[in-house]
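With my numbering applied, the sequence shown covers 56 to 233.
Glycine is no exception: its CB is placed at the ideal position from the N, C-alpha and C atoms.
Note that the coordinates shown come from a computational prediction; the quantities given were computed from them, not determined experimentally.
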Amino acid sequence: MKILLRLKHWQLFLLTWGIPIIIDIFTFSNPGLLIKFFPVMMIVFTIGIFGWVWSISTELHPKLPTGVELNVGRFKILFLIPIVYILGITIWMGYNFYGGSSGQGDNMGGVVGLIILLHLFSMVCIFLGLRFAAKTMKSVELGRMAKFGDYAGEFFLIWFSPIGVWVLQPRLNKLIGD
56 MKILLRLKHW QLFLLTWGIP IIIDIFTFSN PGLLIKFFPV MMIVFTIGIF
106 GWVWSISTEL HPKLPTGVEL NVGRFKILFL IPIVYILGIT IWMGYNFYGG
156 SSGQGDNMGG VVGLIILLHL FSMVCIFLGL RFAAKTMKSV ELGRMAKFGD
206 YAGEFFLIWF SPIGVWVLQP RLNKLIGD
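Written out as structure tokens, the structure is:
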């Protein structure tokens with residue numbers, strides 16, 4: 056995944072946001088086509104964005120200054136949960152969109168409840184992953200353990216990645232090049 060940190064900002068933007076936007080533009084006027092391409096769009100987006108955050112966290116972790124301990128193992132476990140969830144729900148939706156299931160049944164309320172709980176838990180895991188990536192990046196830049204006030208900007212830029220890619224990727228290119 057180190058390749059994602061070596062990309063230029065515009066290349067990463069095209070990979071993470073450009074391809075899904077292009078698919079959306081070309082399928083917008085045909086809802087049936089949009090539904091068929093939605094799983095592909097979500098998988099490309101998930102691999103791009105989550106791969107970028109994963110790369111920041113795992114590739115910069117060895118560059119942490121001495122005395123700075125961040126638990127990359129816990130990050131990997133917590134960050135894999137939303138990745139598996141998103142890919143699983145995308146496959147499930149794709150299966151249902153392609154006519155594999157009518158979506159009707161007695162246990163639909165239970166399925167919706169489970170999806171809501173998994174979604175909320177995944178959101179918590181995503182925020183913890185974004186925080187870990189931002190803290191890792193800023194700790195490497197500062198040469199000491201970063202506090203939230205130090206890396207709050209990076210956290211929000213990673214969260215709002217359509218903007219953050221343009222600001223953070225050049226800095227990541229320099230950090231990886233060191």
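Sequence-distant residues of its chain with Cβ nearer than 8 Å to Met192 (five each side left out): Walking along the sequence shown from the start, residue 192 turns up at place 137. Hits under 8 Å: Ile111, Leu115, Tyr206, Glu209, Leu223, Arg226, Leu227 and Leu230.
Presumed contact (8 Å Cβ cut-off) between Trp107 and Thr71, rounded CB distance: Translated into positions along the sequence shown, residue 107 becomes position 52. Translated into positions along the sequence shown, residue 71 becomes position 16. With 8 Å as the limit, Trp107 and Thr71 qualify as a contact, their Cβ atoms being about 7 Å apart.
Phe105 and Pro75 closer than 8 Å at C-beta: Translated into the one-based positions of the sequence shown, residue 105 becomes position 50. Translated into the one-based positions of the sequence shown, residue 75 becomes position 20. No; because the gap between Cβ atoms is not below 8 Å, this pair is not in contact.
First and last residue of the uninterrupted alpha helix (DSSP H) at His174: What you label residue 174 is simply residue 119 of the sequence shown in a count that begins at 1. Residues Met163 to Leu197.
Buried or exposed (CB count within 10 angstroms, at least 16 for buried), Ser138: On the sequence shown, residue 138 is found 83 positions in, with the first residue counted as 1. A small correction: the amino acid at residue 138 is Ile; Ser does not occupy that position in the sequence shown. Looking at its Cβ environment, which holds 16 or more other Cβ atoms inside 10 Å, Ile138 is buried.
Met96, DSSP secondary structure in three states: The residue given as residue 96 occupies position 41 in the sequence shown. If DSSP states are grouped into helix, strand and coil, Met96 belongs with the helices.
Close-in-space but distant-in-sequence residues of the same chain around Ile170 (CB under 8 Å, 5 per side omitted): What you label residue 170 is simply residue 115 of the sequence shown in a count that begins at 1. The answer, listed in chain order, is Ile144.
Straight-line gap, Phe211 to Gly165 (C-alpha atoms, nearest Å): Taking the sequence shown and counting its residues from 1, the one referred to as residue 211 is at position 156. Taking the sequence shown and counting its residues from 1, the one referred to as residue 165 is at position 110. So the two alpha carbons sit approximately 34 Å from each other.
Coarse secondary structure for Asn151, derived from DSSP in three states: Reading the sequence shown from its first residue, position 96 is the one you call residue 151. Three-state result, Asn151: helix.
Lys57, enclosing alpha helix (DSSP H) - first and last residue: Against the sequence shown, residue 57 aligns to sequence position 2. Unbroken alpha helix (DSSP H) run through Lys57: Lys57 to Arg61.
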